[in-house]
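A.B. asks: First to last, the sequence lines map onto chains B and R.
Letter by letter, the first sequence follows residues 979 to 1227 of the numbering used here.
Letter by letter, the second sequence follows residues 389 to 697 of the numbering used here.
Ideal Cβ placement from N, Cα and C applies to all residues, glycine included.
After the structure tokens below, expect a handful of questions from me.
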Amino acid sequence: MKVLVPVKRVLDYNVKPRIKADGSGVDLANVKMSMNPFDEIAVEEAIRLKENGPVEEIVVVSIGEQKAQETLRTALAMGADRAILITTDERVEPLGVAKLLAKVVEEESPELVILGKQAIDDDNNQTGQMLAALLGWAQGTFASKVELADSKANVTREVDGGLETDALTLPAIITTDLRLNEPRYASLPNIMKAKSKPMATKTAGDYGVDVAPRLTVTNVSEPPKRTAGVKVADVDELVARLKAMGVPA
Amino acid sequence: MKTLVWVEHDNKDVKDATLATVTAASKLGEVHLLVAGSGCQSVADAAAKIAGVGKVHLANDAAYGHALAENVAPLIVSLMADHDAFVAPATTTGKNIAPRVAALLDVMQISDILSVEGEDTFTRPIYAGNAIATVKTSDAKKVITVRGTAFDKAEAEGGSAEIETVAGEGDKGLSSFVKADIATSDRPELTSAGIVVSGGRALQNSENFTKIIEPLADKLGAAVGASRAAVDAGYVPNDYQVGQTGKIVAPEIYIAIGISGAIQHLAGMKDSKTIIAINKDEDAPIFQVADIGLVADLYTAVPELTEKL
């Protein structure tokens, strides 16, 4: 079985984003970029399915500027087998990404595509579901457990009230939640080895799909600031404040 | 503009998230509701009473009982021939279904909106709520998910909408429901509670959570939340998690106990009206957003607080 894992290069999750003064977006010049944390979990899950299950090959794919190849190298160092880089200088929205990925799926015929549930930059939580729709496949979103058996995937999903398990007919789409696994670190020898693993480079134009953005971002601004609070000296003062707010007790 | 709103329910009752979504949708125009489920006539009856609703579409079929996206998305797409926007709450159900609908309609979804600025312009949070983007769509049909805490709830009574039965294609045979493991709790629901008491890593284990956090929550009639650290360490179930990857809450009072205040956690609670932090580290980032801070050891301060309330 072949697994396709799309990964995204995003602002590192520890970095506090700086908003550009002209309101055009977040300043990404000279800041640390990393693989989207949910995508690391997706890569890890694919590797575990290869180590303990029916998966034979893991192909990772990323769409974006040339530098996204660093993100793909990270995935290769973790244990993916080969990579596809689709370069574009334009902003591509989840719908466009899903359309490009649908073309990659057509070429590669994986039986499973594992994506992160959301990218921590645009926080959309859309691409996996959109890809499933375009392919007419089943989707197992927000997965915290994946079991493959008899041309089915049993996926335990994190839903609002607790957990829900659905059985999906393969081929299928899975999107990862935080609890699915703990991603491994790439070891130095594996980072060296990853440099010789194959990486195909294409451009978004090669796929002949229209990925022009449908949404225009007219402004990006700071969220409203909270005013500085006070520190109370002891529990009694806190109780008094709570009671002043009309807290039932 | 005619909007179609996804009614979040458990085949018995309408969930609160629906009411805020109705308010957001009403800013776009005439509100129609979709109740898709199995044995859910009572949900449709309750939905018809929500103030400001023009019509309720009821799709009652075993295939829709668990809101599997593969089955309900085609149903929604067929109803979208007569509607201009599909609006769903940004719950796990809404987030699962809406993008599938959007792709089938070939439109870009606008996720988790905070406000409606015009019929094609919306604001939404990006970067874990560290920035607010204003976005304008050029799509003819709109697919939108709504952040429940950003809109007032529509009145659950007062309307008298007509209920129209609709049929879809039913089971697409791609997926099936196996089981659910739903956490039971007598406390209020986290996302709609007026007061939330949250614990973090400093609680050290689940016994302390039960012994220290829960009595305070019960005294206040509050819901219990947790930071990711507390969830990952197994002190509480996953669905307690407040943050970028958990639930977004905006209660009247949010009490953060033993939570440092990482940006991913703040993303889930910084719109709370009053934030109270109890932490023994006076440099913890949580104090930068807290209205009232108490620098103290939670193991003595919280039981004392519970007792004195």
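State the DSSP-derived secondary structure class of residue 676(R), mapped to helix, strand or coil.
C.D. replies: Helix.
A.B. asks: If you count every other CB in all the chains shown that lies within 10 Å of the CB of residue 659(R), and 16 or more means buried, which is it?
C.D. replies: So residue 659(R) counts as buried.
A.B. asks: Closest to residue 458(R) by CA distance: which of 1109(B), 1087(B), 1123(B) and 995(B) is it?
C.D. replies: Closest by alpha carbon: 1109(B).
A.B. asks: Can you tell me the Cα-Cα spacing of residue 665(R) and residue 675(R), whole angstroms?
C.D. replies: Residue 665(R) and residue 675(R): Cα-Cα distance of roughly 7 Å.
A.B. asks: In the DSSP assignment, what are the bridge partners of residue 1090(B)?
C.D. replies: Answer by DSSP bridge pairing, in chain order: 981(B) and 1150(B).
A.B. asks: Kindly say whether residue 474(R), judged by its beta-carbon, lies nearer than 8 Å to any beta-carbon of chain B.
C.D. replies: So, not an interface residue.
A.B. asks: From which residue to which residue does the alpha helix (DSSP H) around residue 1105(B) run?
C.D. replies: It spans 1105-1113 - the alpha helix (DSSP H) in which residue 1105(B) sits, taken as one unbroken run.
A.B. asks: Starting from the beta carbon of residue 565(R), find every residue of chain B whose beta carbon is closer than 9 Å, and list them in chain order.
C.D. replies: Under the 9 Å cutoff, chain B gives 1142, 1143, 1144 and 1145.
A.B. asks: Looking only at C-alpha atoms, which of 431(R), 646(R) and 641(R) sits nearest to residue 717(R)?
C.D. replies: For residue 717(R) there is no data in the structure shown, the boundaries of chain R being 389 and 697.
A.B. asks: Could you say which of 1076(B), 1008(B), 997(B) and 1111(B) lies nearest to residue 1188(B) if we only look at CA atoms?
C.D. replies: Comparing Cα positions, the closest option is 1076(B).
A.B. asks: Does residue 1161(B) come within less than 8 Å of chain R when only Cβ atoms are used?
C.D. replies: So no, residue 1161(B) is outside the interface.
A.B. asks: For my contact list, residue 519(R) and residue 1200(B) are in at a C-beta cut-off of 8 Å; report their separation, rounded to the angstrom.
C.D. replies: Yes, residue 519(R) and residue 1200(B) are in contact; Cβ-Cβ is about 7 Å, under 8 Å.
A.B. asks: Say whether chain B places a C-beta atom closer than 8 Å to the C-beta of residue 433(R).
C.D. replies: Not one chain B Cβ lies under 8 Å of residue 433(R).
A.B. asks: Quick check on residue 1032(B): buried or exposed, where buried means 16 or more other Cβ atoms within 10 Å of its Cβ?
C.D. replies: Residue 1032(B) comes out exposed.
A.B. asks: Which residues in the same chain as residue 1088(B) place their Cβ atom closer than 6 Å to its Cβ, once the five residues preceding and following it in sequence are excluded?
C.D. replies: Excluding positions up to five away in sequence, the list reads 980, 981 and 982.
A.B. asks: Who pairs with residue 565(R) in a beta bridge, going by DSSP?
C.D. replies: Paired residue(s): 1144(B).
A.B. asks: Which residue comes first and which comes last in the beta strand (DSSP E) that contains residue 448(R)?
C.D. replies: Note, residue 448(R): beta strand (DSSP E), 441-448.
A.B. asks: Check the C-beta distance from residue 392(R) over to residue 463(R) and give it rounded, since I have them as a contact under 8 Å.
C.D. replies: At roughly 11 Å, the Cβ-Cβ gap does not stay under 8 Å, so residue 392(R) and residue 463(R) are not in contact.
A.B. asks: I believe residue 1060(B) touches residue 1037(B) by the beta-carbon criterion, under 8 Å. Please report the beta-carbon distance rounded to the nearest angstrom.
C.D. replies: Confirmed, Cβ separation roughly 6 Å.
A.B. asks: Can you find the residues in the same chain that come closer than 8 Å, C-beta to C-beta, to residue 633(R), ignoring five residues on each side of it along the sequence?
C.D. replies: So the list reads 616 and 652, once near-sequence residues are dropped.
A.B. asks: Output needed in chain order: residues of the region 515-540 of chain R with a Cβ under 8 Å from some Cβ in chain B.
C.D. replies: Taking 8 Å as the Cβ-Cβ cut-off against chain B, the residues of the region 515-540 of chain R that qualify are 515, 516, 517, 518, 519, 520, 521, 522, 523, 524, 525, 526 and 527.
A.B. asks: Taking the C-alpha atoms as reference points, what is the distance between residue 1168(B) and residue 1024(B)?
C.D. replies: Rounded to whole angstroms, residue 1168(B) to residue 1024(B) spans 17 Å at the Cα level.
A.B. asks: What is the rounded straight-line gap between the Cα of residue 1005(B) and the Cα of residue 993(B)?
C.D. replies: Each residue's Cα considered, the two are about 11 Å apart.
A.B. asks: Given a limit of 9 Å on CB to CB distance, which residues of the region 1196-1214 of chain B reach chain R?
C.D. replies: Listed in sequence order: 1196, 1197, 1198, 1199, 1200, 1201, 1202, 1204, 1205, 1206, 1207, 1208, 1209, 1210, 1211, 1212, 1213 and 1214.
A.B. asks: Leaving out the 5 sequence neighbours to the left and right, which residues in its chain are closer than 8 Å to residue 1180(B) when beta-carbon positions are compared?
C.D. replies: So the list reads 1062, 1063, 1064 and 1065, once near-sequence residues are dropped.
A.B. asks: What is the C-beta distance between residue 554(R) and residue 420(R), in whole angstroms, given that I count them as a contact (C-beta under 8 Å)?
C.D. replies: The pair is not a contact, with the Cβ atoms about 11 Å apart (cut-off 8 Å).
A.B. asks: Residues of the region 1068-1081 of chain B in Cβ contact with chain R at a cutoff of 8 Å, in chain order, please.
C.D. replies: If the cut-off is 8 Å between Cβ atoms, the region 1068-1081 of chain B has 1071, 1072, 1073 and 1076 near chain R.
A.B. asks: For residue 613(R), which of helix, strand or coil comes out of DSSP?
C.D. replies: Residue state, collapsed to three classes: strand.
A.B. asks: Identify, in the order they occur along the chain, each residue of the same chain with its Cβ nearer than 7 Å to the Cβ of residue 1162(B), setting aside the five sequence neighbours on each side.
C.D. replies: Result list for residue 1162(B): 1022 and 1056, in chain order.
A.B. asks: According to the neighbour-count rule (16 or more other Cβ atoms, all chains shown, within 10 Å of its Cβ), is residue 1013(B) buried or exposed?
C.D. replies: Buried, by the Cβ-count rule.
A.B. asks: Can you say whether residue 1008(B) is buried or exposed, counting buried as having 16 or more other CB atoms within 10 angstroms of its CB?
C.D. replies: Answer is exposed; the Cβ neighbour count stays below 16.
A.B. asks: Of all Cβ atoms in chain R, is any one closer than 8 Å to the Cβ of residue 1011(B)?
C.D. replies: Closer than 8 Å: no.
A.B. asks: Which chain R residues sit within Cβ distance under 7 Å of residue 942(B)?
C.D. replies: The structure shown does not extend to residue 942(B), since chain B spans only 979 to 1227, so no value can be given for it.
A.B. asks: Ignore the nearest five residues each way along the sequence and tell me which others in residue 432(R)'s own chain have a CB closer than 6 Å to its CB.
C.D. replies: 423, 444, 446 and 551.
A.B. asks: Quick check: what's the CA-CA separation for residue 986(B) versus residue 1042(B)?
C.D. replies: Approximately 8 Å, taken between the alpha carbons.
A.B. asks: Out of 696(R), 672(R), 587(R) and 608(R), which one is the CA nearest neighbour of residue 1213(B)?
C.D. replies: Nearest of 696(R), 672(R), 587(R) and 608(R) to residue 1213(B), Cα basis: 696(R).
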